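Step one of this worksheet: look at the structure below.
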Amino acid sequence: MKGRTLSKVLCYIILAVILLFLLFPIYWMLATSFKTNMEAYMYPPTFFPNETTVDAYISLFTVNNQFFVYYINNFIVSGITAIICTLFAVFTGYALARFHFKWTVIMSGILLSTQMFPIVSRMISLYSLMSKVHLINTMPGLILAISAAQLPFCAMLMSSFFASVPKELEEAAYVDGAGRGTILFKIITPLVKPGMLAVGIYAFLMTWDDYLHAATLIQTDGLRTLSIGIALRYLGELS
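Going by my numbering, the sequence shown opens with residue 18, and the numbers climb by one from there.
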């Protein structure tokens, strides 16, 4: 009994330490936001603000209100990209899971191989392509570029959810006279809603954190997303 209690206490202590480790960056961000500029860059750093100030928040809402433009742009790009990736991943994933043709394995390998190359290695060719179709410095161009980068993994992820659905459900629907579209949208898709949600969240978060595509394709300040906007405007002011 004592050994079991001791193991529980030890487990809780380890979990508490891990939780503190994960929450510390959030605490540091909030604590720094209430420090003066001099104290924020003081070395050694202070863990608690010596002089609490809200000047950073006042500046954010008054002087540097471009932050909210970046935030809205980021939300629009991430939301539309998530919808596009989820929609196309449903069709592509279903085809990979159900249509077994001669080149299925090769196609799956090609889709996976696109994720093995660093994003920066394709920026030059991407810029050249977008320039030829006049999509440089446009939000649709940024959305298409990020969607193309995210779609292969989203399709492979979605195919695993379709593969988990028993084929007998489709065969029974065929016997009842249902077509391929009816089977996909009315029978199979409702069963893989968790997969669609996972794909949508993945695409949204990956787009939200994107930096290279926005830095390469967007030059107008009013079209910048959050990551590149903060890097160029706010971090540039402090360097």
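Where is the CB? At the ideal position from N, CA and C, for every residue including glycine. Please read these numbers as outputs of a predicted model, since none were measured by experiment.
Here's the rule: buried if 16 or more other CB atoms are within 10 angstroms of the residue's CB, otherwise exposed. What is residue i?
i: residue 44; result: exposed
i: residue 214; result: exposed
i: residue 109; result: buried
i: residue 235; result: buried
i: residue 58; result: exposed
i: residue 256; result: Residue confidence for residue 256 is low, a pLDDT of 47 falling below 50, so the modelled location carries little weight and cannot support an answer.
i: residue 99; result: buried
i: residue 117; result: exposed
i: residue 126; result: exposed
i: residue 31; result: exposed
i: residue 233; result: buried
i: residue 25; result: exposed
i: residue 170; result: buried
i: residue 123; result: exposed
i: residue 36; result: exposed
i: residue 212; result: buried
i: residue 111; result: buried
i: residue 23; result: exposed
i: residue 79; result: exposed
Could you give the C-beta distance for residue i and residue j, rounded to a whole number, given that I count them as a contact under 8 Å?
i: residue 231; j: residue 159; result: 6 Å
i: residue 240; j: residue 154; result: 7 Å
i: residue 103; j: residue 198; result: Their Cβ separation, rounded to whole angstroms, is 18 Å, which puts residue 103 and residue 198 out of contact at 8 Å.
i: residue 167; j: residue 224; result: 7 Å
i: residue 62; j: residue 51; result: Between residue 51 and residue 62 the Cβ distance is about 14 Å, and since that is not below 8 Å, they are no contact.
i: residue 163; j: residue 227; result: 6 Å
i: residue 87; j: residue 247; result: 7 Å
i: residue 187; j: residue 200; result: 5 Å
Considering residue i, what are the terminal residues of the alpha helix (DSSP H) in which it resides?
i: residue 169; result: 156–180
i: residue 195; result: Run containing residue 195: none; DSSP gives neither H nor E here.
i: residue 75; result: 72–78
Taking DSSP as the reference, what is the three-state secondary structure of residue i?
i: residue 119; result: coil
i: residue 64; result: coil
i: residue 52; result: coil
i: residue 216; result: helix
i: residue 135; result: coil
i: residue 256; result: Caution is warranted here: a pLDDT of 47 is assigned to residue 256, below 50, making its placement in the model unreliable, and the coordinate value is therefore given only provisionally. Coil at residue 256, not helix or strand.
i: residue 152; result: coil
i: residue 21; result: helix
i: residue 241; result: coil
i: residue 183; result: coil
i: residue 227; result: coil
i: residue 206; result: helix
i: residue 59; result: coil
i: residue 90; result: helix
i: residue 235; result: coil
i: residue 69; result: coil
Out of the options, state which residue places its alpha-carbon closest to the alpha-carbon of residue i.
i: residue 165; options: 92, 179 and 147; result: 147
i: residue 210; options: 178, 141, 31 and 29; result: 178
i: residue 94; options: 249, 244 and 250; result: 244
i: residue 172; options: 67, 75 and 107; result: 107
i: residue 182; options: 115, 143 and 227; result: 115
i: residue 229; options: 180, 143 and 193; result: 143
i: residue 71; options: 157, 128 and 48; result: 48
i: residue 97; options: 220, 250, 237 and 238; result: 220
i: residue 237; options: 196, 207 and 90; result: 90
i: residue 206; options: 193, 77, 92 and 175; result: 175
Can a CB atom of chain C be found closer than 8 Å to the CB of residue i?
i: residue 38; result: In the displayed structure, chain C is absent; only one protein chain is listed.
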